[in-house]
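Residue numbers (the working numbering): 147 to 396. Idealized CB from N, CA, C, for every residue including glycine.
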């Protein structure tokens, strides 16, 4: 009996790369909606800007590599990279955070290794790590959720803060963050760590306004929304090719 050795992949499906990428974006929608609801318009502004920059960089790199930009843009991988980075950074981060991050993500973490399918690391997460190390202040400047903010940031102010550094009244992001309760905190985890280090008990720390029933106010629902999208995505990926249409409808 003869045996034949076949190279991977050993499991095949009829799913195409554009369909998979669209599925990822669609499954991230619940989290995006929750994030926008609890943290304001900044997330949507960052997402729109990131998509424009990401697609532009993808097209430019493909032209430099003497390949078809339209073919690369139609696989939606650059869109997903831009999407993941935009929702991972603070909503009111300056515009150049997104721009620098996407340069690292698409130019270095993706195309330097040969492009889609040849990069060993997730481009968006490579960019996130680079940004967190290089710009720790900007990458930890999360604003308070709208639920505990006396004056939620409007769309116009969010746009002005991202692209100009100040809102319509001339306040910077750090001034707005400090104005919530006099203390600037990045996340509920930072608030918890600071409270414990100051000698407070866990019960005393959880009495702070930033904490809700399960975790941080707003954060708990954002996390649950992304978890829901992730479970749907796992179901879509693990199912056979005939269910692809069902995946893209969710």
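Rounding to the nearest angstrom, what Cα-Cα distance links residue i and residue j in this structure?
| i | j | result |
| --- | --- | --- |
| residue 277 | residue 246 | 8 Å |
| residue 172 | residue 314 | 34 Å |
| residue 214 | residue 169 | 24 Å |
| residue 378 | residue 316 | 43 Å |
| residue 240 | residue 310 | 8 Å |
| residue 251 | residue 223 | 11 Å |
| residue 318 | residue 189 | 18 Å |
| residue 285 | residue 237 | 10 Å |
| residue 219 | residue 347 | 52 Å |
| residue 365 | residue 290 | 10 Å |
| residue 269 | residue 279 | 16 Å |
| residue 162 | residue 382 | 13 Å |
| residue 322 | residue 182 | 18 Å |
Whose CA, out of the options, lies closest to the CA of residue i?
| i | options | result |
| --- | --- | --- |
| residue 194 | 165, 210, 184 and 244 | 244 |
| residue 211 | 253, 165 and 305 | 253 |
| residue 233 | 205, 271 and 262 | 271 |
| residue 221 | 185, 196 and 262 | 262 |
Where does the unbroken alpha helix (DSSP H) through residue i begin, and where does it stop?
| i | result |
| --- | --- |
| residue 276 | 269 to 280 |
| residue 246 | 241 to 248 |
| residue 306 | 301 to 310 |
| residue 165 | 163 to 173 |
| residue 235 | Run containing residue 235: none; DSSP gives neither H nor E here. |
Can you tell me whether residue i is helix, strand or coil according to DSSP?
| i | result |
| --- | --- |
| residue 287 | coil |
| residue 214 | coil |
| residue 135 | Residue 135 lies beyond the residue range present for the chain, which begins at 147 and ends at 396; the question has no answer from this structure. |
| residue 252 | helix |
| residue 187 | coil |
| residue 262 | coil |
| residue 386 | Annotation note: pLDDT 49 at residue 386 (below 50); position unreliable, coordinate value reported separately. Reduced to three states, the DSSP call for residue 386 is coil. |
Check whether the region 292 to 312 touches the region 217 to 228, counting contact only when three or more Cβ pairs, one atom from each stretch, lie closer than 8 Å.
Using a C-beta cut-off of 8 Å, the region 292 to 312 makes no contact with the region 217 to 228, since fewer than three inter-stretch Cβ pairs fall below that distance.
Using 8 Å as the cut-off, can you tell me whether the region 162 to 180 makes contact with the region 200 to 216, which would need three or more C-beta pairs spanning the two stretches below that distance?
Short answer: they don't touch.
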